[in-house]
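Residues are numbered in this note's numbering as their position in the sequence shown, beginning at 1, plus a constant of 62. We put the CB at the ideal spot given by N, CA and C, even for glycine. Computed from a predicted model, the values in this text were never measured in an experiment. Have a look at the structure below before the remarks.
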Amino acid sequence: MGISRVFDISRRSLATYQKAIDISSHNIANASNPNYTRQRARISTEIPEKTAQFIWGTGVKLDNIDRVKDGLIEAQLINNSQSYSRHNKESILLGQVEQLFSEPSNLGISNLLTNFMNSWNELSVTPNSVSLRNNVIFNAQNLADKVKNVNTDLDTIKYDVFHEFKEQTDRVNTLLSEINEFNKQIFSFKASTSSPNDLLDERDALINELSGMVNIKVNYDQNNMASVSIGGVFAVDGSFANTFEAQVVNNKLTLVSANNPNPIDLSGGELYSLSDVYSNKISEYQSGIDSIFNKLVEKVNALHESGYSLNDSTQTGIKFFTSYSGGELEINSSIISDPTLISVSSDGTSGNGEIARQISEISNESVLNGQTLLENYASLVSKIGNEKLTNEKLAEANKMVVDNLEMQKASISSVSIDEEMTEIIKFQRSFDASAKLIQIANNMLEQIMGLI
């Protein structure tokens with residue numbers, strides 16, 4: 063009975079330490095896998111055997127294969143990844159917007175508007191000059207072209223943002239579907255005494271990717287099933303996955319679920335930034351430009367209509383600009399064809415350039431929001447730059463937090479080759495000792511058999 067117990071203990075020990083070596087080998091094989099979580103053999107004492115006289119130890123067993131991770135760090139990573147992705151994406155998009163304005167440069171609206179106003183001042187000095195009249199038209203056309211280009215480019219960014227939002231929404235749906243499939247596979251192992259660690263790693267990688275795209279909350283039940291919500295709306299619940307789509311409602315780019323038409327409350331991830339830039343930022347910037355040029359058209363036309371053309375001392379009421387709408391600054395085609403129709407005389411007399419002088423002075427008047435037109439424009443450009451800079455700083459701060467959390471996670475969950483080799487040597491020695499114990503028990507048994 064005693065020798066039999068030695069054989070049993072040795073057999074269990076051999077099996078246990080062989081599995082422990084297998085676990086360390088699996089760790090080493092996945093050392094370069096960024097989504098892998100180090101696994102650890104949880105070895106414990108086997109259930110003892112009770113006899114009439116004693117309680118005998120029965121050796122060792124592999125209790126479980128644990129994933130070495132810190133759930134709190136994982137949760138913080140998800141939250142901070144959402145914030146980092148949001149601010150980083152917004153700073154990139156606002157950087158693209160900022161480049162469109164070409165400020166400060168000779169090709170920017172500020173310089174072109176200044177040139178337009180200066181050309182009126184030059185014309186006021188020599189009001190009968192046709193070449194200076196053509197110069198006014200030339201500068202007006204340059205300004206109109208720039209405004210149109212900026213507005214068109216803003217529309218292009220808006221178009222691109224919409225399609226990126228749709229593509230990311232499709233990716234969100236794919237990730238949710240894959241998380242759901244992993245949930246089903248993981249649930250199929252619920253009867254097992256050990257967790258399907260590699261499947262859990264793959265699902266975690268999907269959840270981490272999802273957290274960079276949209277604000278999520280993740281909960282886990284006793285069967286390791288992950289429930290995911292987006293903006294408070296369920297996305298994955300047990301073994302069911304929701305789907306989402308991009309919609310534009312009242313000029314707002316929103317995310318809605320397939321079974322609920324109400325917009326999702328986006329607060330993090332790249333989808334938030336895409337929605338914010340599309341729905342708010344670009345519209346706000348275009349509205350700012352519209353306010354400036356509607357006021358320019360109003361002020362220039364009011365003065366121009368009160369003046370007289372060059373060749374007809376009775377001709378008044380001519381508009382310099384036909385209209386402005388959505389980035390389209392239209393110059394009166396009659397004036398383009400006949401520059402003498404530019405009305406610069408206040409009384410119809412030749413050589414009078416009073417109207418041109420007054421138009422040139424518009425640039426010095428506080429005509430919009432208590433500021434000049436150029437000051438309004440400078441405030442708009444400054445606002446874009448400041449919003450970009452703010453998001454850059456917030457992204458940098460969040461990136462530092464994410465990097466620190468990643469380092470903490472790596473120190474806990476990543477594979478150290480040196481550590482694993484040390485573990486293998488330790489397990490191997492235990493394995494060798496168990497094998498020797500079998501040899502000793504076998505020798506003892508042979509000696510006993512030889513006495514019979």
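If you draw a straight line from the C-alpha of residue i to the C-alpha of residue j, how long is it?
i           : j           : result
residue 502 : residue 257 : 37 Å
residue 268 : residue 216 : 33 Å
residue 191 : residue 404 : 11 Å
residue 430 : residue 438 : 7 Å
residue 449 : residue 156 : 8 Å
residue 130 : residue 82  : 15 Å
residue 428 : residue 358 : 12 Å
residue 303 : residue 322 : 14 Å
residue 426 : residue 365 : 15 Å
residue 238 : residue 491 : 46 Å
residue 86  : residue 484 : 10 Å
Among the candidates the options, whose CA atom is the shortest distance from the CA of residue i?
i           : options            : result
residue 104 : 113, 78, 114, 110  : 78
residue 409 : 370, 444, 434      : 370
residue 400 : 416, 388, 380      : 380
residue 232 : 72, 335, 305, 351  : 305
residue 493 : 453, 365, 80, 115  : 80
residue 360 : 435, 276, 173      : 435
residue 212 : 476, 350, 262      : 350
residue 336 : 127, 74, 208, 219  : 219
residue 134 : 508, 115, 474      : 474
residue 476 : 100, 67, 458       : 100
residue 175 : 462, 480, 440, 445 : 440
residue 353 : 132, 164, 458, 209 : 209
residue 318 : 69, 106, 470, 292  : 292
residue 417 : 182, 288, 273, 296 : 182
residue 420 : 283, 390, 368, 254 : 368
residue 254 : 199, 271, 127      : 127
residue 165 : 458, 456, 444, 478 : 444
Assuming contact is defined by CB atoms lying nearer than 8 Å, are residue i and residue j in contact in what I supplied?
i           : j           : result
residue 415 : residue 185 : yes
residue 383 : residue 406 : no
residue 147 : residue 331 : yes
residue 122 : residue 108 : yes
residue 149 : residue 460 : yes
residue 140 : residue 280 : yes
residue 482 : residue 89  : yes
residue 250 : residue 454 : no
residue 242 : residue 298 : yes
residue 179 : residue 230 : no
residue 273 : residue 143 : yes
residue 65  : residue 120 : no
residue 264 : residue 244 : yes
residue 223 : residue 340 : yes
residue 248 : residue 261 : yes
Sort out for me which residues DSSP pairs residue i with in a bridge.
i           : result
residue 370 : 407
residue 280 : 290
residue 299 : 302
residue 309 : 316
residue 386 : 391
residue 182 : Residue 182 pairs with nothing; no bridge assigned.
residue 107 : 122
Report all residues from its chain with a CB closer than 8 Å to the CB of residue i; omit the five preceding and five following residues, and keep chain order.
i           : result
residue 392 : 206, 383, 384, 385, 386
residue 246 : 301
residue 188 : 194, 415
residue 117 : 110, 111
So, for residue i: in the same chain, excluding its five sequence neighbours on each side, which residues have a beta-carbon less than 7 Å away from its beta-carbon?
i           : result
residue 252 : 285
residue 240 : 268
For chain C, find out if any of its Cβ atoms is closer than 8 Å to the Cβ of residue i; answer yes or no.
i           : result
residue 305 : Here there is only one protein chain, and chain C is not present.
In chain order, what residues of the same chain have a beta carbon less than 6 Å from the beta carbon of residue i, not counting five sequence neighbours either side?
i           : result
residue 228 : 308
residue 138 : 467
residue 372 : 402
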